[in-house]
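Engineer: What follows is a structure written as structure tokens; I'll ask about it next.
Residue numbers (our numbering), protein chains in the order written: chain A, 3 to 347; chain B, 3 to 347; chain C, 3 to 347.
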């Protein structure tokens, strides 16, 4: 689809500076933009790009003062970043919406299917499943017996949801994620042969949660593994059995939370971080990438680093000395020599 | 299904204290239990919960002495933990068993299919595949040409087994795991362009192995990558080409074992640990979470920590000083100053 | 298939020493070989195995001097390693080639399908997709709307390619990999509730790229995430939105590159390594396993280690002292005591 500067300015209640008939069909970052795209300028650090960008249209803040010649058509708006975000959402909504139930899907008769759903070819829907209104199940999704998927959630291609799990409203689960596989529970006998501990609980994903591609969330041994509302999990995360992830907590890719740990709300975990089993993490805790948390963190808002992790400032101070250790080592040797000399004298 | 205290006590050969008609339909941890559930008490650390639990029935050890009022119906048994485990297994076995071969599965004519199998819709079974008795293949499983899956194994939804691989008896493979993809082998030419080294071997998974969701196990370049009997691999593990994992070795989630490494039996690897290629790990070695093992470990039963990893006690001693490094640094400076003064005098 | 020493020697233009009718049907490493297999000897370190190997045929270099009795039939060739590689490729090519379009695949009418393709049962091909000549789509592959897969590429079972992405020529993508899922982009509002930032870009995988099992590559927010030609990604890698991976760069398993980072060409990343967002990595940089790169690396060919990573030699020097920290600590204490004594005198 193509839009003119005039149309966009009207939609954003902005003012066109330049040719109102300039057309764009895509968006871009101002520093990478090519002809035919629309970009925005909000961060003063990027001001210089306004005069060199190849974007056809640039959104700028109303009060921005143009200092050199600009080839792009400009649209002055109240808040360039927010206007741009509005256009992105509009573009997203403009994508064709999939609907309807494919003849090539397999749906058990006992399943209850809402209105406005999309059930793609090769989707499997088990017994007593509830698929609420406006849910989207992309190709190769597996929804096992007794699962509920609440309204307006999207399960992308190849998502697997084991029996008895619950997916909340407005969730987005990305391709290949696995919800509800068995927790890793085994009891060794006297010969170190492991006997499987049955995993009888489930996973509850609350509303407005997003789960990344190929992330795995294990069912509880008993009770529920719970991902609370608004939490965002990136790709390839591992969430162990009986874990709780708090509201609006964000976990970057390839991180793991081990069994029975409770994570508070509004936490932020960097990529490849790891949290030990059977501990508590207070609200608002920040964990740096690759950090490993061995113990409960009680102080809300703590920031931790390292493996085993401790306070970020303490870590950084120690790390500075770590890099100088060979020198420190030499200096201690030097001191020993000098002291020996002194004593020898 | 609902059970009364009387029925459960008879099954466990225990004694009811309280109302024998109390009913339960689920199990729970004693500290999280809700009405209608059955819990157990074995660890003295949890004794206090007996007097506050909302569980309707609690299993306790025969010799346990009740010190306060208890609202739950109790069942005294020889060993509360084992009795509980027995009930869990019973509950697991009570789940309806899937059977039959779906018309919506694709099965090559040359495949040999045993009795009592479950082959779900959208399963693909290739040429000359052998599926032994009581095997379960859930939706979207891919079993490529010349694969054998031995009796009573379960491949959950979306498991992919490449050609020529062998899955042993009584194995459980969780959703999305990939068995037998190509090892990561490339030879650079004079321009740093990589030529693929053909990966002609296979993967052999022996009996009683459990493999977690989205775990990947690469085929051998030549010969076999082998997961020995009773080994348990958690989710999102990576096992490289030509690796051997020993009997009853347990590997927690997101760990990786690089190509051609041989891991002994009864080892325990923590989550996110990494093992270098072309090394040997002795029997019974324990690796802490996030540790990285660069070299062969010859001493059976070693426990190692850190990256690069070394003896856990040595690591912990060094780590204590690491946290004090800024102070140590100051003290060395102080010593230098004082010594300079002394010498100046 | 079986081959005689005579046939193999003719193909390789080599000379048979021993029985020209010796037959083999597989290849093996010389130290693990069993009867019926062919091995090679190139590395002098392995010379001793020639006299004990059970291989039926061994390729050796023309100039190799036999010192003891050998039971295997030998074939003398110009370069034993290269001859062996040639045989491996021959064996690989001898595997039956899948072709044809299954009736059990779902293909939108608007898709354009080339010649010589393989489209397996349960493959989904969306609207306006272009599948060029000789492409192979294995069972349960998902190719969403407007995707292009260029000639001679292979998507193994369960690969998922989101809408608008482009896969180059001669690529191999292993089972369960996800290309083009949404980047991890959210903007917190004043209540710490996250609003999703639409992810409108795509992923471009250039020619001759190999991507491992269950690896995830996110689409760009705007523009493209790009994997440049000849790059090789191992299993379970995570590539964030708007990342660029340079030509012939190799990334071992379970590594992650965070959003908007640009990685140069000919880099080598060890397993479980992590690269921060919004940075640049120069050409030819080597990252050791589990290392974490927080900042831009400008020096081509740098080798870095640790978390946060720095120059490998500096790291190793510091690490040697780290292991001796408890001793260093004692020595500083000792110095303090002795100095106190000296001053006291």
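Idealized CB from N, CA, C, for every residue including glycine.
The structure presented is a predicted model; accordingly, all values stated were derived computationally and were not measured.
For the stretch 92-103 of chain A, list every residue whose C-beta sits within 7 Å of some C-beta in chain C, in sequence order.
Structural biologist: 93, 94
Engineer: The beta strand (DSSP E) that contains residue 338 of chain B, what's its start and end?
Structural biologist: Position 336 of the second chain, counting from 1, holds the residue named residue 338 of chain B. Counting along the chain, residue 338 of chain B sits inside no beta strand (DSSP E); it lies in the alpha helix (DSSP H) bounded by residues 327-346.
Engineer: Taking three-plus beta-carbon pairs below 8 Å as touching, is the stretch 52-61 of chain A in contact with the stretch 22-42 of chain A?
Structural biologist: yes
Engineer: Is the Cβ of residue 236 of chain B closer than 9 Å to any Cβ of chain C?
Structural biologist: For the purposes of this step, residue 236 of chain B is taken as the residue at position 234 of the second chain. By this cut-off, residue 236 of chain B is not an interface position.
Engineer: How many angstroms separate the CA atom of residue 322 of chain C from the CA atom of residue 66 of chain A?
Structural biologist: As a position in the third chain, residue 322 of chain C is number 320, starting the count at 1. As a position in the first chain, residue 66 of chain A is number 64, starting the count at 1. Between residue 322 of chain C and residue 66 of chain A, the C-alpha separation is close to 56 Å.
Engineer: Leaving aside the five residues before and after residue 292 of chain A along the sequence, list all residues of the same chain whose C-beta is less than 6 Å from its C-beta, in chain order.
Structural biologist: Sequence index remark: in the first chain, residue 292 of chain A carries index 290 (1-based). Around residue 292 of chain A: 274.
Engineer: Under a three-way DSSP split, which group does residue 9 of chain B fall into?
Structural biologist: Taking the first residue of the second chain as 1, we reach residue 9 of chain B at position 7. If DSSP states are grouped into helix, strand and coil, residue 9 of chain B belongs with the helices.
Engineer: In chain B, what lies closer than 8 Å to residue 83 of chain A by C-beta?
Structural biologist: Locating residue 83 of chain A in the first chain gives position 81, counting from the first residue. Here the premise fails: no neighbours, minimum Cβ distance about 36 Å.
Engineer: Just checking my contact of residue 249 of chain A with residue 267 of chain A at CB under 8 Å: how many whole Å lie between their CB atoms?
Structural biologist: Position 247 of the first chain holds residue 249 of chain A. Position 265 of the first chain holds residue 267 of chain A. Rounded, the Cβ-Cβ distance is 4 Å, consistent with contact.
Engineer: Label residue 95 of chain A either buried or exposed according to how many other C-beta atoms from any shown protein chain fall within 10 Å of its C-beta, with 16 as the threshold for buried.
Structural biologist: Mapped onto the first chain, residue 95 of chain A falls at position 93. So residue 95 of chain A counts as exposed.
Engineer: Between residue 199 of chain B and chain C, is the shortest Cβ-Cβ distance under 9 Å, so that the two count as touching?
Structural biologist: If you number the second chain from 1, residue 199 of chain B lands on position 197. It does: the Cβ of residue 199 of chain B has a partner Cβ on chain C nearer than 9 Å.
Engineer: If we define contact as Cβ-Cβ less than 9 Å, is residue 65 of chain B a contact residue for chain C?
Structural biologist: Stepping through the second chain from its first residue, residue 65 of chain B is reached at position 63. For residue 65 of chain B, the answer is no, since every Cβ of chain C falls outside 9 Å of its Cβ.
Engineer: DSSP beta-bridge partners for residue 221 of chain B?
Structural biologist: Locating residue 221 of chain B in the second chain gives position 219, where the first residue counts as 1. Answer by DSSP bridge pairing: none, since residue 221 of chain B is not bridged.
Engineer: Would residue 183 of chain B pass as an interface residue toward chain C - the criterion being a Cβ-Cβ separation below 9 Å?
Structural biologist: Reading the second chain from its first residue, position 181 is the one you call residue 183 of chain B. It does; some Cβ of chain C falls within 9 Å.
Engineer: Is the CB of residue 164 of chain A under 9 Å away from at least one CB in chain B?
Structural biologist: Position 162 of the first chain holds residue 164 of chain A. Closer than 9 Å to some Cβ of chain B, the Cβ of residue 164 of chain A qualifies, so yes.
Engineer: Tell me the DSSP secondary structure of residue 15 of chain B in three-state form.
Structural biologist: On the second chain, position 13 is the one that residue 15 of chain B refers to. Of the three classes helix, strand and coil, the one that applies to residue 15 of chain B here is coil, per DSSP.
Engineer: Bridge partners for residue 312 of chain A per DSSP, in chain order?
Structural biologist: Within the first chain, residue 312 of chain A is the residue found at index 310, counting from 1. Answer by DSSP bridge pairing, in chain order: A:307.
Engineer: Would you kindly check if the distance between the Cβ of residue 276 of chain A and the Cβ of residue 258 of chain A is under 9 Å?
Structural biologist: Position 256 of the first chain, counted from the first residue, corresponds to residue 258 of chain A. Position 274 of the first chain, counted from the first residue, corresponds to residue 276 of chain A. In this structure, residue 276 of chain A lies closer than 9 Å to residue 258 of chain A by Cβ.
Engineer: What span of residues does the alpha helix (DSSP H) with residue 92 of chain B cover, start to end?
Structural biologist: Counted from its first residue, the second chain places residue 92 of chain B at position 90. It spans 82-96 - the alpha helix (DSSP H) in which residue 92 of chain B sits, taken as one unbroken run.
Engineer: If you compare alpha carbons, which of B:79, B:289, B:299 is closest to residue 283 of chain B?
Structural biologist: Within the second chain, numbered from 1, the residue matching residue 283 of chain B stands at position 281. Nearest option by C-alpha distance: B:299.
Engineer: Between which two residues does the beta strand (DSSP E) holding residue 226 of chain A run?
Structural biologist: For the purposes of this step, residue 226 of chain A is identified with residue 224 of the first chain, where counting begins at 1. Where residue 226 of chain A is concerned, the enclosing beta strand (DSSP E) stretches over 226-229.
Engineer: Please classify residue 69 of chain A: is it buried, with 16 or more other beta-carbons within 10 angstroms of its beta-carbon, or exposed?
Structural biologist: In the first chain, the residue the question calls residue 69 of chain A occupies position 67. With fewer than 16 Cβ atoms within 10 Å of its Cβ, residue 69 of chain A is classed as exposed.
Engineer: Would you mind telling me which residues of chain B sit closer than 7 Å to residue 307 of chain A, beta carbon to beta carbon, in chain order?
Structural biologist: Numbered from 1 along the first chain, position 305 holds the residue referred to as residue 307 of chain A. Within 7 Å Cβ-Cβ: nothing; residue 307 of chain A doesn't reach chain B, min ~12 Å.
Engineer: Could you pull out every residue in the same chain whose Cβ sits closer than 7 Å to the Cβ of residue 314 of chain A, ignoring the five residues on either side in sequence?
Structural biologist: Mapped onto the first chain, residue 314 of chain A falls at position 312. Taken in chain order, the residues that qualify are 290, 305, 306, 307.
Engineer: Pull out every residue of the stretch 257-272 of chain C whose Cβ sits closer than 9 Å to any Cβ of chain A, in chain order.
Structural biologist: 257, 258, 260
Engineer: Along chain A, in chain order, which residues have C-beta atoms closer than 8 Å to that of residue 140 of chain C?
Structural biologist: Against the third chain, residue 140 of chain C aligns to sequence position 138. Chain A residues near residue 140 of chain C: none, gap ~12 Å exceeds 8 Å.
Engineer: Kindly indicate if chain C contains any beta-carbon less than 9 Å away from that of residue 14 of chain B.
Structural biologist: The count along the second chain starts at 1 and reaches residue 14 of chain B at position 12. Answer no: the Cβ-Cβ gap between residue 14 of chain B and chain C never drops below 9 Å.
Engineer: Identify which residue in A:316, A:254, A:324 has its Cα closest to the Cα of residue 319 of chain C.
Structural biologist: As a position in the third chain, residue 319 of chain C is number 317, starting the count at 1. Selection A:316, A:254, A:324 evaluated against residue 319 of chain C yields A:324 as nearest (Cα-Cα).
Engineer: In its own chain, which residues sit with a C-beta less than 7 Å from the C-beta of residue 22 of chain A, not counting the 5 before and 5 after it?
Structural biologist: Within the first chain, numbered from 1, the residue matching residue 22 of chain A stands at position 20. Exclusion of the five residues before and after residue 22 of chain A leaves 6, 7, 8 as the residues of its chain whose Cβ lies within less than 7 Å of its Cβ.
Engineer: Do you know how far the Cα of residue 17 of chain B is from the Cα of residue 43 of chain B?
Structural biologist: The residue given as residue 43 of chain B occupies position 41 in the second chain. The residue given as residue 17 of chain B occupies position 15 in the second chain. Distance between the alpha carbons of residue 43 of chain B and residue 17 of chain B: 15 Å.
Engineer: If you measure from the beta carbon of residue 27 of chain A to each beta carbon in chain C, is any gap under 9 Å?
Structural biologist: Along the first chain, read from residue 1 onward, the residue named residue 27 of chain A stands at position 25. Chain C has no Cβ within less than 9 Å of the Cβ of residue 27 of chain A.
Engineer: Quick check: the Cα distance between residue 269 of chain C and residue 191 of chain B, rounded to an integer number of angstroms?
Structural biologist: Sequence index remark: in the third chain, residue 269 of chain C carries index 267 (1-based). Sequence index remark: in the second chain, residue 191 of chain B carries index 189 (1-based). Cα to Cα, residue 269 of chain C sits roughly 15 Å from residue 191 of chain B.
Engineer: Hey, could you find the ends of the beta strand (DSSP E) residue 182 of chain A is sitting in?
Structural biologist: Working through the first chain from its first residue, we reach residue 182 of chain A at position 180. Segment 180-183, the beta strand (DSSP E) holding residue 182 of chain A.
Engineer: If you check the beta carbons only, do residue 178 of chain C and residue 156 of chain B fall under 9 Å apart?
Structural biologist: Your numbering for residue 178 of chain C matches position 176 in the third chain. Your numbering for residue 156 of chain B matches position 154 in the second chain. Not in contact: residue 178 of chain C and residue 156 of chain B (Cβ atoms no closer than 9 Å).
Engineer: So, under 8 Å CB-CB, residue 197 of chain B and residue 188 of chain B are touching, yes? Tell me the CB distance rounded to an integer number of Å.
Structural biologist: As a working note, residue 197 of chain B is residue 195 in the second chain. As a working note, residue 188 of chain B is residue 186 in the second chain. Right, the Cβ-Cβ distance comes to about 7 Å (below 8 Å), so this counts as a contact.
Engineer: Might you give, ordered along the chain, the residues of its own chain that have their beta carbon closer than 6 Å to the beta carbon of residue 25 of chain A, omitting 5 neighbours on each side?
Structural biologist: Locating residue 25 of chain A in the first chain gives position 23, where the first residue counts as 1. So the list reads 4, 6, once near-sequence residues are dropped.
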